[in-house]
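Protein chains in written order, with my numbering: chain A, 1 to 396; chain B, 397 to 556; chain C, 557 to 1212; chain D, 1213 to 1316. In this text, a Cβ means the ideal position worked out from N, Cα and C, and glycines have one as well. Bear in mind the structure is a predicted one, so any value in this text is a computation, not a measurement.
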Amino acid sequence: MSGDFVDQIFIRAKQLLLSLLPGAPDWLLEIASSVINIAALLGAFLTLFALISVLERKILARIQNRYGPNRVGPYGLLQPVADGIKMLIKEDIVPMRADKLLHFLAPIMIAATAILALGVIPYGRNMTPFAIDGGILFFFAVGSTTELAVFMAGWGSNNKFSMLGAMRAIAQMISYELPLIITTLPVVMVVGSLSPDSIVAAQSNYSLGLVPHWFVLTPWGAAAFMLFFVSGLVESNRTPFDVPEGESEIVAGHMTEYSGFKYATFFMAEYFGMFAVSGLAVTLFLGGWHAPISALQIIPSYVWFFAKLSALLFVYIWIRGTLPRTRIDQIMNFAWKFMLPMAFTCIIAAAVWHYEGRRLAGWLWSFGLIAVVHFGLSRLLDTGKKFAPRTYRFAE
Amino acid sequence: MSAVAFVLISILTLAGALAAATLPRLIHAALSLVVTFLGMAAFFFLLGAEFVGLVQVFVYVGAVAVLIVFTILLTRRDIEKDRGFNWSGAVIAIAVFTGLIWAILRTPTLAMVAPQIPPLTVRRIGEVLMTGFVWPLQCVGLLLTAALIGALILVREEKR
Amino acid sequence: MTPWIVANLWLIPAVPLAVSLVILSLANSRRKGAAALAIAGQVAALALAIAAFVATLQAPNCPPHNFTWFTFGENAVRIGWVLDPLAAVMLVMITLVSLCIFIFSVGYMATDKSFTRFFAYLSFFSAAMLGVVIANSLLLLFVCWELVGLASYLLIGFWIHKPSAAAAAKKAFITTRVGDLGFFLGMLWLYGKSGTLLFYDNGHGCIENAALLSLGASATSIALLIFSGAVGKSGQFPLHVWLPDAMEGPTPVSALIHAATMVAAGVFLVARVYPLFSLGAIAGVTPSLTVVVWIGVTTALMSALIALAQADVKRILAYSTVSQLGLMMVSLGVGGVAAGIMHLIAHGFFKALLFLGAGSVIHGCHEEQDIRKMGGLRGLMPLTFLTYSVGMMALSGVPLFFSGAWTKEEILHATAQWPASRVPHGLMLAGVVLTALYMTRQMIYVFFGPRRAASARAHESPPVMSMPLIVLAICAIGFSVVLTPAWPWLFAYLSGEHVKFDLSRLIQPMLFLSLALVAAGIALGIAIYHKAGETDPLEQMQPALFRFLQNRMWLDEFYDRTVIIFSWTAARVSDWLDRYFWDGLVRAFAGIGQLFGALTTSLDEHGINAGVDEATANTRGLGSLISAKHSGQIQTYLGAVALGMLALLILYAWLT
Amino acid sequence: MTPTLTSFLAVSAALFCTGLLAALSRRHAIFILIGIELMLAAANLNFVAFWRFGPEPQQITGVMVAIFSIAIAAAEAAVGLALVIAVYRHYRTTSVDKLDQLKG
C-alpha cells in the first residue's frame, strides 16, 4: 500500500527520536519511548480538547439557532486559548474548612485516570501507546478510579451541594459501569482476546470489498454499540445525564468549590473521559483505524480513527443540544431494568451469531433474539403514563 | 524484575498501609488504603500476573475503596473525635511481625531468584478458569449474589 | 356280635350320675320329685345291670371296650370298661341293695329338711360305685374310687351341724386318703413298668401275661401298694379306725356304704387285680397274698372281740362288717377268690338288712342307739324283729336256709387247704364262734328281756321302711339256693366251670363242724346274756378286758399319741423351720442385698457425686474466669487470635 | 539485589502486620475492615509470589486462588460495610468498644 509511508510516519518519527540516544541502556530507551508516546498522546488530545470545546459551543449555538463564539480568532477558533488564559488567571479559591489534601488531589486524580485510559487505545496501525495484553481490562480498571476521584472532590470541598453532587455522580457512574463492561464482553468473546489491537485486527477484512467486518454491522454489535454509547454518555456525565453538575439544581455538583486551574482540569478531565469512551467505542465496534471500504485504505489509519472519533463527538454534542435532563431515579431504573438485561441479551445474541457459523442464518437469529427481548422489555417497563400535553404560558 | 521497581513499590505500599493504619482522620486512612491497593497491583504487575493486578485495581480500588468511602460518608454524623490509639494492639502486631520475619528468615531455601517463566496471558487464565476452576467460579458467582442481596437487606432503612 | 348292653355299659353309672346332677339343681322343697327321680334312676340301673348279667350268661367273656381319653405328647391315656362275671354279679348286688336302701331312706329321712340333697348324694355314690365295678382301667377305677371316697365324706358328714359327724367325715376321708396314697403310688409304678393301665387290652393289658412278665420282682410291691388302698377303703387292720366313727352318718348311709358297697370295693379291687397278687405263686402262695391273709385274720379277730364290748347297736354292726371283710380278705389271700366274692355278695344283702333293721329300731325308739336302754322290742316291732333275726341267722352262719352259712363254709373250706399254715383256719373257726356270740348278745339286748327306758314307747316302722326289710330278708334266704354245694351255680359262674347238680356233696365234714361251732356260739350267748341287766355280764366277769375292748383297744388313743402327735410335731417343726430357718435365710440375703445397696449409694453419694460436683464446680469457675475475659471488644478477640498464632509459631519453632 | 522470594514474603508479612495493627489498635469499625482488607491483600501477594517463584509456572493455582480471594474479599467488604452501616443506624455509634453486647 503506497500510503504506508504516510501511515507509519509517526512511528518512524519516534524511531528517529530514539536514535538520538545511542548506546543508552535499554531501560532508558524504554522510558524514552514511553515518554515520547505520552508526549504525542497529550499533544494530540490537548489540541483536540481545545478544538472540541470551541466546536461544541459553536454547534450548540447552531442548534439553538445562534452563532457560537466568533470574536476571538477567525470564527472564534482561538476561544480555547482565551478560556485557558482566563482559567489560569482566575484566583484558585479553596474553602476554609475544606480538606485541603483531598481538595487538591481530586482534580489531579481525575485528569490522571482519563489520560491513563487514553493510553491503551490503538490510534493507528501499531500506533498503540501502551499495548497491554489486558488492555480493555486496564481501561475499565482505570475508569473505575474516576468515581473515587469524584468522591474526593465532593468530600474535599466540604460543601453539602458538592457532596450531594458527588454522591449522585458516583451512583450514576457505578450503575452504568456494569452495562459498559458487559457490552464489551460480546466483542471480547467473539475476538477471544482482551487486547485492543487484536480486536481491531479481527475487524480488518472486508466482504466483497464494500462491507467492512466491523462489529457494529452485526445485530448484536449494533445493539451493544448503542448500549455502550449511552453508558459512555452517562460515564462522562454528559447532557441527558449531567445531573451531577446540573447547573439549575446543584450549581456545579462536585466541582462547585473549584475555581481557576483546578476547575479547568476538571473540565479537561471530563472531555478526556469522553474521548476515552468514544475512542474505545471506535476500537470495539467501528473497526478502530480500518477504512470503511477496502478501496479507501490508502488514507492512513490514524486519519480514519480520528474521523470516526470526531463523528462520535459530534453526536455527543448533538445530543447535548437536543435532549432535556433526566431525573436521577429514571437514570437508575433505566440502567438496572433496561440496560443490564439488554446487555446480557447481546452476549447471548453474540453466542448465537457465533455458533450459527457467523453467516446470514446467525445474523437473522441474533437479530430476532434481540428484537424479541427489546420488545418484551419495553412492554414490561411501559408504565403507561402519558405525558400531559404541553401548555405554553407566556410570561406576562 | 528490577530491584529498583521492587523497592519503590514496596515503599509506596508499606507507607500507604502504615498511613491507613495510623492516620487520625478516617478519610485520609481510606484514601491511603487506595494507595496501598495500587501498590499491591504494581506488585502483581512486577510478579508478572498483569491480569491479577488489573483485577486487583478493578475490584479493590473500583469497588471496595468506594464502598469504604461511602460508609464513611454515611456514618459522618458520628462526630470525628479522635478515638485514640490502643497501644497493646501495636505491641501484638509487632510481636507477630517479628515472629513471621523470624520464620521467613530461618528457611534458607526461600531466598531464590525469580526463574524465567513464560508470560501469563489472559487466555491461559481464561482456559484454566473454564476447565479446572468452573465449579469454584459458579460458587463465587453465587456467593457474590448472596453478598449483594445480604448487604442490601442489611442496609435497608429499619422500619420504625 | 357283642350285645347292645356291653357296648353301652357306661350307661349304668351314667344314669345315677345324671340323676344326682338333676336333683342337685332342684330346690330343697322338691322332696317328692327328688325321691321319685332317684328311685327311678336306681330302677333303670338295676334293669341295665340285669340285662348285662343276662348278657354274660350267654357269652361269658365279652371283649373289653377301650378308647383314648386324652393324649399328651405322643403317648395316649386309654380307659374303657369291661363286663365279666365278677363285674356283672357286683352290678346286680349294688343296684338291688341301693334300690332297697333308697326306698327305706324315703321313710327314714322324711323328717329331714335337706331331703333332696341326701338323695342327690346317694345316687352320686351309687354312680361312683358302679363306675368302680365296670372300670377296665386302673386309672378309671382310681377316679371312681376317689369319687366314692368323696361321696362317703359327704354322706357321713351329712348332718354337718353335728360336730362329731363333721369330725367323723374328716377322719374317714383322711384315713382312706392315706390308703389311697399307697394305691396311687402302686398305680404309678405299675404304669411306669407296664406302660398301660388297662386291665384287659387283648393281650397288652397290665394284668395280662405279657405285661406281668415285664413286672417281675416289683409285682409284689405293686400289689402290696394297691392292697394298701384296699386296706384303707375296706377298713382293714391299721386303717379301720374311721369305720365305726362313720356311724355318725344317717343309717341308710351306713347301710349302703359301710355294709354293702363301699367297703366291698377294697375286696373287689383285690379280686380285680388278683393276677398281680398271684404272680409267681408257689402252690398258690406269694408274699403279697400271705400279707393279705395275715392282715385279714388280725382284722377279723380284733374287730369281732371289740364288737362284743360295744353298746351302740350300729357300732356292733360296724365292727361285725370289719370282721366279715377281714374274713373275705383271708379267703382271697388263701386263693378262694370265688368264695370271697360269694361271701361279699351274701354279706352285702344280710348286712344291709341288719343295718336297715337297726335303722328302723332306732327310728322306733326315737333316735335311741344304746342297746342297754332297749329291750323286749319283740312284741312292739314284730316285723323288724322277724327280718332282723333272719339277718342275724345269715350273718352268724346258721346252716341250711341262710346264705351266710354256705359262703362262710366255702371260705373255711378254702382256708383249710391253704398250704402255708393252718393257723388262719383255726382263728377263722374262732371268728365264727365270736360272730355268733356278739350277734346273739345284740338280739337278746334289743329284742328279748324286759322293756327298758327307750323301748317303752317304741312303735313299728311304716311300710315304706319295712318293705325293703322284707325284700332283703327274702334275698338273704333265697340267695342260698345258688350257693349250696349241691348246686354251686354261683361258684361255677364266677370261676367259669360248668355246674352239675349233685346232692351228695351236701354231706361235708366241714359243714357239720361249722354247724356245731355256730350252735355253741349261740348257746354261749344265751347263757351269758339271758338275764343281762344294765351292766354287761362280760363286764362283771372281766371288767379290765371289757373296758379294754369297749374302748376299741385304745387304738384311737394310740393313733392320737403316735400318728397325730407325729404329724402335729412335723407340722410344728416345718412351721418353725419355715418361719425361722428359711425366713431367716431369705432375710439374711435381703439384708446382704440392702447392705450392698447401702454401700453403693454411699459410694455414689460421697465418692462419685462429690467428685463430679467438684469437677463441675471447677469447670464452672474456670468458665466464669474465661467469660470475664470476654469483654465483648472485638479487638481483644482479634488480638487473642494473633497471640495464639504467635504462640503456635513459637511452639513450632521450639519443636523443630 | 534482585528481589528474592524472602523479600516478597517480608513485605507481605509487614503488610499483614500493619493490617493487624489497623484492626487491633483503631477504635473505628471501618478500621477493622481496612485491617482485614490489608491482611487479605498480603495473603494474595504471598500466593502470587509463591506462584512466581514456584517450580512449575504452568500450574497457576496460586494466581487462581489470588483472583478468587479478591472476589470473595470484595463480597466480604460489601457485607462488612453494610453491617457497619446497619450497626451505626441502630446504635448511633461505630466505635468498636461500645459495641460489646456480646459480653460474656
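Fill in: For alanine 1009 of chain C, the first and last residue of its enclosing alpha helix (DSSP H)
In the DSSP assignment, alanine 1009 of chain C falls outside any alpha helix (DSSP H), carrying neither H nor E.
Worksheet entry | Every unbroken alpha helix (DSSP H) within the region 19 to 69 of chain A, with a cutoff of 4 residues, ordered by chain | Segments of the alpha helix (DSSP H) lying fully in the region 19 to 69 of chain A: 26 to 63.
Item to complete: Output the residue ranges of the alpha helix (DSSP H) runs that lie fully inside the region 784 to 829 of chain C and measure 4 residues or longer, sorted by chain position.
Response: With a minimum length of 4 residues, the continuous alpha helix (DSSP H) runs that stay inside the region 784 to 829 of chain C are 798 to 801, 807 to 811, 818 to 828.
Fill in: Candidates A/Glu30, A/Ala141, A/Pro292, A/Pro341: closest to leucine 208 of chain A by CA position
Nearest neighbour of leucine 208 of chain A by Cα position, chosen from A/Glu30, A/Ala141, A/Pro292, A/Pro341, turns out to be A/Pro292.
Worksheet item: How big is the Cα-Cα spacing for methionine 1 of chain A and phenylalanine 266 of chain A?
Response: Legend: pLDDT at methionine 1 of chain A = 47, less than 50; position of this residue unreliable, no value from coordinates given.
Discussion item. What would DSSP say about asparagine 631 of chain C, mapped onto helix, strand or coil?
Written reply: If DSSP states are grouped into helix, strand and coil, asparagine 631 of chain C belongs with the strands.
Fill in: CB of alanine 106 of chain A within 8 Å of CB of alanine 276 of chain A, strictly
Result no, Cβ atoms of alanine 106 of chain A and alanine 276 of chain A do not sit closer than 8 Å.
Item to complete: Check whether the Cβ atoms of isoleucine 405 of chain B and valine 1275 of chain D sit closer than 8 Å, and answer yes or no.
Response: Against a cut-off of 8 Å, the Cβ pair of valine 1275 of chain D and isoleucine 405 of chain B comes out as no contact.
Worksheet item: Hey, phenylalanine 367 of chain A and proline 186 of chain A: beta-carbon distance below 8 Å or not?
Response: For phenylalanine 367 of chain A and proline 186 of chain A, no; Cβs fall outside 8 Å.
Discussion item. Going by C-alpha to C-alpha distance, which of C/Leu956, C/Gly987, C/Phe958 sits closest to threonine 971 of chain C?
Written reply: Nearest C-alpha to threonine 971 of chain C: C/Gly987.
Discussion item. Need the endpoints of the alpha helix (DSSP H) that proline 1018 of chain C sits in, please.
Written reply: First-last for proline 1018 of chain C: undefined, no H or E at that position.
Practice prompt. At 8 Å on the CB atoms, spell out the chain B contacts of glycine 134 of chain A, in chain order.
Written response: Within chain B, the residues near glycine 134 of chain A are Glu446, Phe447, Leu450, Val518.
Discussion item. For alanine 1345 of chain D, would you say it is in contact with chain C, using Cβ-to-Cβ distances shorter than 8 Å as the test?
Written reply: No information on residue 1345 of chain D is available, as it lies outside the stretch 1213 to 1316 that chain D covers here.
Discussion item. In the DSSP assignment, the alpha helix (DSSP H) including arginine 399 of chain A goes from what residue to what residue?
Written reply: Any property of residue 399 of chain A remains undetermined from this structure, which presents chain A solely from 1 to 396.
Worksheet item: Closest Cβ-Cβ distance between tryptophan 336 of chain A and chain B: below 8 Å?
Response: For tryptophan 336 of chain A, the answer is no, since every Cβ of chain B falls outside 8 Å of its Cβ.
Practice prompt. Please decide whether isoleucine 545 of chain B counts as near chain A, where near means a Cβ-Cβ distance under 8 Å.
Written response: False, the Cβ-Cβ gap to chain A never drops below 8 Å.
Worksheet item: Does DSSP put methionine 1 of chain A in a helix, a strand or coil?
Response: The pLDDT assigned to methionine 1 of chain A is 47, lower than 50, so where the model puts this residue is not dependable; a value taken from the coordinates is nonetheless given after this. Looking at methionine 1 of chain A - three-state DSSP - the assignment turns out to be coil, as it is neither helix nor strand.
Discussion item. Cutting at 7 Å between CB atoms, please list the residues of its own chain near leucine 533 of chain B, excluding the five before and the five after it.
Written reply: Excluding residues up to 5 positions away in sequence, Leu525 lie with their Cβ nearer than 7 Å to the Cβ of leucine 533 of chain B in the same chain.
Worksheet entry | Inter-residue spacing [alpha-carbon to alpha-carbon] between aspartate 329 of chain A and isoleucine 181 of chain A | Approximately 21 Å between the Cα atoms of the pair.
Worksheet item: What residues in its chain sit with their C-beta under 7 Å from that of alanine 591 of chain C, if we drop five residues either side in the sequence?
Response: Hits under 7 Å: Val662, Phe675.
Item to complete: At 7 Å on the CB atoms, spell out the chain C contacts of isoleucine 488 of chain B, in chain order.
Response: Per Cβ cutoff of 7 Å: Gly1195, Ala1198, Leu1199.
Item to complete: Could you run through the region 1172 to 1192 of chain C and flag, in chain order, every residue whose CB is less than 8 Å away from some CB of chain D?
Response: Residues Ile1182, Ser1183, Ala1184, Lys1185, His1186, Ser1187, Gly1188, Gln1189, Ile1190, Gln1191.
Fill in: Sequence ranges, alpha helix (DSSP H) only - wholly within the region 1148 to 1193 of chain C, length at least 4
1166 to 1185, all fully within the region 1148 to 1193 of chain C.
Worksheet item: At a cut of 8 Å, does the region 933 to 947 of chain C reach the region 823 to 839 of chain C through at least three beta carbon pairs?
Response: Contact between the region 933 to 947 of chain C and the region 823 to 839 of chain C is absent, because fewer than three Cβ pairs lie under 8 Å.
Discussion item. For a cutoff of 8 Å on Cβ pairs, would you count isoleucine 346 of chain B as touching chain A?
Written reply: As displayed, chain B neither begins before 397 nor continues past 556, which places residue 346 of chain B out of reach and without an answer.
Fill in: DSSP three-state assignment for valine 954 of chain C, whether helix, strand or coil
It is coil, neither helix nor strand.
Practice prompt. Count the other C-beta atoms from every protein chain shown that fall within 10 angstroms of the C-beta of proline 1041 of chain C, then say buried if there are 16 or more, exposed otherwise.
Written response: Counting every other CB atom within 10 Å of its CB across the protein chains shown gives proline 1041 of chain C a total of 16 or more, marking it as buried.
Worksheet item: Which full runs of the alpha helix (DSSP H) of 4+ residues lie inside the region 817 to 896 of chain C, going along the chain?
Response: You should have 818 to 828, 830 to 833, 843 to 864, 869 to 890.
Worksheet item: According to DSSP, is proline 74 of chain A helix, strand or coil?
Response: Looking at proline 74 of chain A - three-state DSSP - the assignment turns out to be helix.
Worksheet item: By how many angstroms is the C-alpha of glycine 1179 of chain C removed from the C-alpha of arginine 552 of chain B?
Response: Distance between the alpha carbons of arginine 552 of chain B and glycine 1179 of chain C is about 39 Å.
Worksheet item: Below 8 Å between beta carbons: does that hold for glycine 785 of chain C and leucine 754 of chain C?
Response: No.
Worksheet entry | Per DSSP, the bridge partner or partners of histidine 760 of chain C | Histidine 760 of chain C pairs with nothing; no bridge assigned.
Worksheet item: Just to confirm, are valine 886 of chain C and methionine 984 of chain C a CB contact at a threshold of 8 Å?
Response: Cβ distance < 8 Å, so valine 886 of chain C and methionine 984 of chain C count as in contact.
Practice prompt. Reducing DSSP to helix, strand and coil, say where valine 120 of chain A ends up.
Written response: Valine 120 of chain A falls in the coil class under three-state DSSP.
Item to complete: Compare the beta carbon distance of phenylalanine 272 of chain A and alanine 114 of chain A with 8 Å and say whether it is the shorter of the two.
Response: Contact: yes.
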